[in-house]
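Asker: Here it is, the structure in full.
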Amino acid sequence: MSDTAFNDDLLEKELFGGDSDELDMDEMMGIGGLDDGSEMAGAAISAVDMVVSPSKEVKDEEMVEAKPEEPKLQAQVPKLEIELDDPAGALTVLEHAPRTRSSAAKSKECRTYDILPTMAFLNQYQVHAAAAVANMRWVFTGGEDGYIKKWDFNATVNNKQPLTLGQRHSHVDSVAKGGVMASYWEHNDVNESGVDVLSPVYSMDVHSEAMWLVSGMKSGNIGLWTVRHDEGRRITLLSKHKKPVSVLRISPDEYGLVSGSWDRAVLYWDLNTGKLARAFAGHMSQISSVEFQPWSVDQFRAQQGQELDTESSDKRASPVLLTTSIDGQCLLWDMRAPKALPQSFLLPRKTPPWATSACWNCDGRRVYVGRRNNTVDEYELGMGSQPTRTLKLPMNSGPVTALAMMGNNRSLVCASTDNVRMWDLETSVERRSSVPFQIIPGHHGGTISTILIDETSRYMLTTSGTRGWDGSSNNVFLGYEVSPIG
Numbered sequence: 029m030s031d032t033a034f035n036d037d038l039l040e041k042e043l044f045g046g047d048s049d050e051l052d053m054d055e056m057m058g059i060g061g062l063d064d065g066s067e068m069a070g071a072a073i074s075a076v077d078m079v080v081s082p083s084k085e086v087k088d089e090e091m092v093e094a095k096p097e098e099p100k101l102q103a104q105v106p107k108l109e110i111e112l113d114d115p116a117g118a119l120t121v122l123e124h125a126p127r128t129r130s131s132a133a134k135s136k137e138c139r140t141y142d143i144l145p146t147m148a149f150l151n152q153y154q155v156h157a158a159a160a161v162a163n164m165r166w167v168f169t170g171g172e173d174g175y176i177k178k179w180d181f182n183a184t185v186n187n188k189q190p191l192t193l194g195q196r197h198s199h200v201d202s203v204a205k206g207g208v209m210a211s212y213w214e215h216n217d218v219n220e221s222g223v224d225v226l227s228p229v230y231s232m233d234v235h236s237e238a239m240w241l242v243s244g245m246k247s248g249n250i251g252l253w254t255v256r257h258d259e260g261r262r263i264t265l266l267s268k269h270k271k272p273v274s275v276l277r278i279s280p281d282e283y284g285l286v287s288g289s290w291d292r293a294v295l296y297w298d299l300n301t302g303k304l305a306r307a308f309a310g311h312m313s314q315i316s317s318v319e320f321q322p323w324s325v326d327q328f329r330a331q332q333g334q335e336l337d338t339e340s341s342d343k344r345a346s347p348v349l350l351t352t353s354i355d356g357q358c359l360l361w362d363m364r365a366p367k368a369l370p371q372s373f374l375l376p377r378k379t380p381p382w383a384t385s386a387c388w389n390c391d392g393r394r395v396y397v398g399r400r401n402n403t404v405d406e407y408e409l410g411m412g413s414q415p416t417r418t419l420k421l422p423m424n425s426g427p428v429t430a431l432a433m434m435g436n437n438r439s440l441v442c443a444s445t446d447n448v449r450m451w452d453l454e455t456s457v458e459r460r461s462s463v464p465f466q467i468i469p470g471h472h473g474g475t476i477s478t479i480l481i482d483e484t485s486r487y488m489l490t491t492s493g494t495r496g497w498d499g500s501s502n503n504v505f506l507g508y509e510v511s512p513i514g
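With this note's numbering applied, the sequence shown covers 29 to 514.
Here you go:
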């Protein structure tokens, strides 16, 4: 997966469909402007006015002040072949308070972390997706074999099933604990004849208390499964997507679900009724990631000792949704404005159109997007559509396929083909002589599909899988113990 092997024509045919002469790259990247007569222009600009201001253009990680620019909005909304429900479901994230998340004060205030791999969950197939309950009691994985596996994380951490000498041979010396599998069940989909067939698990998410689990199937269906009672029973199928469901995210209030698919559609589901609440049309290619803006901005400020205005602060979940697609598009959606066009974060110059992962920082003010050319672009809300900074990994590190932010809001975990790295964002700004990242031992030479960090930043999980896209997998699923430093 080197830069020289990047083939625009092959990528376009396999991922976007059609011939290259039919594609308008300006429209694909969201560079075009709005038509003068567009009825949606006013709503679009007002929806992002609160978070967008004149930008700064960054070259070689140096802040170079540029002329103010207008927010980049999606020029044309591509049509989706999605039939909306009538009546539509509720946009639950605007109606219910978010779930209270766990926190550990020491992990939030530390300077950095010591991350050590100690657990190996033995697996013979690619792991495309992983999810865990809030207290990390249970961990769920799914992949190419078509099974959903439930792991007892407490028993694994307590070394109830040590690895044998032969099993430890392919891992670093610190990995000695074997993953304890509690149960598994078949990931059955329904074909056109109404017969159950095994489907690869392309995405998943789980309720914080393990009441139920959702999974994405190859056909485009979304399975809703029982977990705590009558485990492994399929409650229902949510059927709107036409192609594999690549991303699933339960809303912060846990009454809704956002799904992204290879059919370019991003859908919001009302889980109380099973009906579609809204369809987000704006991407030109397969959806690669979906993330809600962290709702706990006020809570984060309070933990940092800042004064909190309880009368004016909104205790509901943030209405901003971040989505990326495999062609490099990165869009922000204001969920309170149903007719507003999304804000588009633009690709830097000489950056190939590609992105499989993006994440927010803890206070929800910055976005990080992994790129194919060994870089991570940082975008700041209120600074326009150009990246404010670019984090450059070593030239031979490979594409950045997964990202996650640690609880201290300054340590960014980046996964590329060669290794997993933890980037100190404040060190990068201060331009110290030391290397701004440290290599986390464990993974090497495989595509990372998931980085999962628990809410208290005490444990981390990484899985290897291609998620159905280009790349190679070594089928490794590792668990890390995290200790705060400083």
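Every residue, glycine too, gets a C-beta built ideally from N, C-alpha and C. Nothing here was measured: the structure is a model prediction, and the numbers come from that model.
For residue 249, report the span of its beta strand (DSSP E) as first-last.
Answerer: Position 221 of the sequence shown holds residue 249. Residue 249 -> beta strand (DSSP E) spans 249 to 254.
Asker: Take the Cβ of residue 205 as the centre, count every other Cβ of all protein chains shown within 10 Å, and call the residue buried at 16 or more, exposed below.
Answerer: The residue you call residue 205 lines up with position 177 of the sequence shown. Answer is buried; the Cβ neighbour count reaches 16.
Asker: Kindly list the residues whose CB is nearer than 6 Å to the CB of residue 291, restricted to its own chain and excluding five residues on each side of it in sequence; keep chain order.
Answerer: For the purposes of this step, residue 291 is identified with residue 263 of the sequence shown, where counting begins at 1. Counting only Cβ-Cβ distances below 6 Å, and skipping sequence neighbours, we find 269, 270, 271.
Asker: Tell me, to the nearest whole angstrom, how far the beta carbon of residue 381 is from that of residue 355; I am working on the premise that it is less than 8 Å.
Answerer: The sequence position of residue 381 within the sequence shown is 353, counting from 1. The sequence position of residue 355 within the sequence shown is 327, counting from 1. Their Cβ separation, rounded to whole angstroms, is 5 Å, which keeps residue 381 and residue 355 in contact under 8 Å.
Asker: Excluding the 5 residues flanking residue 299 on each side, which residues of the same chain have their C-beta closer than 7 Å to its C-beta?
Answerer: Within the sequence shown, residue 299 is the residue found at index 271, counting from 1. For residue 299, where only same-chain residues beyond five positions count, the Cβ hits under 7 Å are 283, 284, 285.
Asker: Tell me the rounded alpha-carbon separation between residue 171 and residue 482.
Answerer: Residue 171 sits at position 143 when you count from the first residue of the sequence shown. Residue 482 sits at position 454 when you count from the first residue of the sequence shown. Going by the C-alpha atoms only, they are around 21 Å apart.
Asker: Hey, quick one: how far does the beta strand (DSSP E) through residue 216 stretch, first residue to last?
Answerer: Position 188 of the sequence shown, counted from the start, is the residue given in the question as residue 216. Residue 216 -> beta strand (DSSP E) spans 216 to 218.
Asker: Taking the Cβ atom as the reference point for each residue, do residue 453 and residue 438 lie within a distance shorter than 8 Å?
Answerer: By 1-based counting over the sequence shown, the position of residue 453 is 425. By 1-based counting over the sequence shown, the position of residue 438 is 410. In this structure, residue 438 lies closer than 8 Å to residue 453 by Cβ.
Asker: Look at the alpha carbon of residue 236 and the alpha carbon of residue 162, and state the distance between them as a whole number of angstroms.
Answerer: Translated into positions along the sequence shown, residue 236 becomes position 208. Translated into positions along the sequence shown, residue 162 becomes position 134. Looking at the two C-alpha atoms, the distance is approximately 5 Å.
Asker: Quick check: the stretch 192 to 207 against the stretch 122 to 132, are at least 3 beta-carbon pairs closer than 8 Å?
Answerer: Too few Cβ pairs lie closer than 8 Å, so no.
Asker: Roughly how many angstroms separate the alpha carbons of residue 564 and residue 153, rounded to a whole number?
Answerer: There is no way to answer for residue 564, as the model of the chain reaches only from 29 to 514.
Asker: Spatial neighbours of residue 263 within its chain, please: CB distance less than 8 Å, with the 5 preceding and 5 following residues excluded, ordered by chain position.
Answerer: As a first step, residue 263 must be located in the sequence shown, where it is residue number 235. Here the set comprises 240, 252, 253, 254.
Asker: By Cβ distance below 7 Å, which residues in the same chain neighbour residue 501 in space, the five residues on each side in sequence not counted?
Answerer: Taking the first residue of the sequence shown as position 1, residue 501 is located at position 473. Answer for residue 501: 154, 474, 475, 492, 493, 494, listed in chain order.
Asker: So, at 7 Å on beta carbons, what are the nonlocal neighbours of residue 504 in its own chain, with the 5 sequence-adjacent residues on each side left out?
Answerer: Translated into the one-based positions of the sequence shown, residue 504 becomes position 476. Cβ neighbours of residue 504 beyond the five flanking positions: 471, 474, 492.
Asker: Cα separation between residue 512 and residue 353?
Answerer: Counted from its first residue, the sequence shown places residue 512 at position 484. Counted from its first residue, the sequence shown places residue 353 at position 325. Their backbone Cα atoms lie some 34 Å apart in a straight line.
Asker: Quick check: what's the CA-CA separation for residue 130 versus residue 222?
Answerer: If you number the sequence shown from 1, residue 130 lands on position 102. If you number the sequence shown from 1, residue 222 lands on position 194. The alpha-carbon separation between residue 130 and residue 222 amounts to approximately 42 Å.
Asker: In this structure, how does DSSP classify residue 505 when only helix, strand and coil are distinguished?
Answerer: Walking along the sequence shown from the start, residue 505 turns up at place 477. Strand, per DSSP.
Asker: Apart from the five residues on each side of it in sequence, which residues of its chain come closer than 6 Å, Cβ to Cβ, to residue 169?
Answerer: Position 141 of the sequence shown holds residue 169. Hits under 6 Å: 155, 158, 177.
Asker: Determine the direct distance from the alpha carbon of residue 287 to that of residue 307, and round the result to whole angstroms.
Answerer: In the sequence shown, the residue the question calls residue 307 occupies position 279. In the sequence shown, the residue the question calls residue 287 occupies position 259. Those two C-alpha atoms are separated by around 10 Å.
Asker: Around the C-beta of residue 445, are 16 or more other C-beta atoms found within 10 angstroms, so that it is buried, or is it exposed?
Answerer: Along the sequence shown, one-based indexing puts residue 445 at 417. Answer is buried; the Cβ neighbour count reaches 16.
Asker: Output the distance between the C-alpha atoms of residue 224 and residue 273, rounded to the nearest integer angstrom.
Answerer: Position 196 of the sequence shown, counted from the start, is the residue given in the question as residue 224. Position 245 of the sequence shown, counted from the start, is the residue given in the question as residue 273. Just so you know, the alpha carbons of residue 224 and residue 273 end up roughly 18 Å apart.
Asker: In this structure, how does DSSP classify residue 200 when only helix, strand and coil are distinguished?
Answerer: Counted from its first residue, the sequence shown places residue 200 at position 172. Residue state, collapsed to three classes: coil.
Asker: Please state whether DSSP places residue 392 in a helix, a strand or coil.
Answerer: Against the sequence shown, residue 392 aligns to sequence position 364. Three-state DSSP puts residue 392 in coil, outside helix and strand.
Asker: I'd like the span of the beta strand (DSSP E) that includes residue 242, first residue to last.
Answerer: Reading the sequence shown from its first residue, position 214 is the one you call residue 242. Residues 240 to 244.
Asker: Return helix, strand or coil for residue 123, following the three-state DSSP convention.
Answerer: Counting from 1 along the sequence shown, the entry for residue 123 is found at position 95. Coil, per DSSP.
Asker: On the three-state DSSP scale, how would you describe residue 397?
Answerer: One-based indexing of the sequence shown puts residue 397 at position 369. Shown here, residue 397 sits in a strand according to DSSP, grouped into three states.
Asker: Buried or exposed: where does residue 249 fall if 16 or more other Cβ atoms within 10 Å of its Cβ makes it buried?
Answerer: Against the sequence shown, residue 249 aligns to sequence position 221. The residue is buried, with at least 16 neighbouring Cβ atoms inside 10 Å.
Asker: Determine the closest residue to residue 174 out of 216, 189, 140, with distance taken between C-alpha atoms.
Answerer: Against the sequence shown, residue 174 aligns to sequence position 146. Selected option, being the one with the closest Cα: 216.
Asker: Taking residue 486 and residue 465 to be in contact with their CB atoms under 8 Å, please state how far apart those CB atoms are, rounded to whole angstroms.
Answerer: Against the sequence shown, residue 486 aligns to sequence position 458. Against the sequence shown, residue 465 aligns to sequence position 437. Contact check for residue 486 and residue 465: beta-carbon distance about 21 Å, past the 8 Å limit, so the pair fails to qualify.
Asker: Hey, residue 387 and residue 396: beta-carbon distance below 8 Å or not?
Answerer: As a working mapping, residue 387 is identified with position 359 in the sequence shown. As a working mapping, residue 396 is identified with position 368 in the sequence shown. Against a cut-off of 8 Å, the Cβ pair of residue 396 and residue 387 comes out as a contact.
Asker: Leaving aside the five residues before and after residue 260 along the sequence, list all residues of the same chain whose C-beta is less than 6 Å from its C-beta, in chain order.
Answerer: Numbered from 1 along the sequence shown, position 232 holds the residue referred to as residue 260. Counting only Cβ-Cβ distances below 6 Å, and skipping sequence neighbours, we find 213.
Asker: Which residues in the same chain have their Cβ closer than 7 Å to the Cβ of residue 296, if we skip the five residues on either side of it in sequence?
Answerer: Numbered from 1 along the sequence shown, position 268 holds the residue referred to as residue 296. Only 119, 284, 286, 305, 306 meet the Cβ criterion.
Asker: According to DSSP, simplified to helix, strand and coil, what is residue 183?
Answerer: The count along the sequence shown starts at 1 and reaches residue 183 at position 155. In this structure, residue 183 counts as helix in the three-state DSSP scheme.
Asker: Rounding to the nearest angstrom, what Cα-Cα distance links residue 202 and residue 245 in this structure?
Answerer: Stepping through the sequence shown from its first residue, residue 202 is reached at position 174. Stepping through the sequence shown from its first residue, residue 245 is reached at position 217. Answer to the nearest angstrom: the Cα atoms are 35 Å apart.
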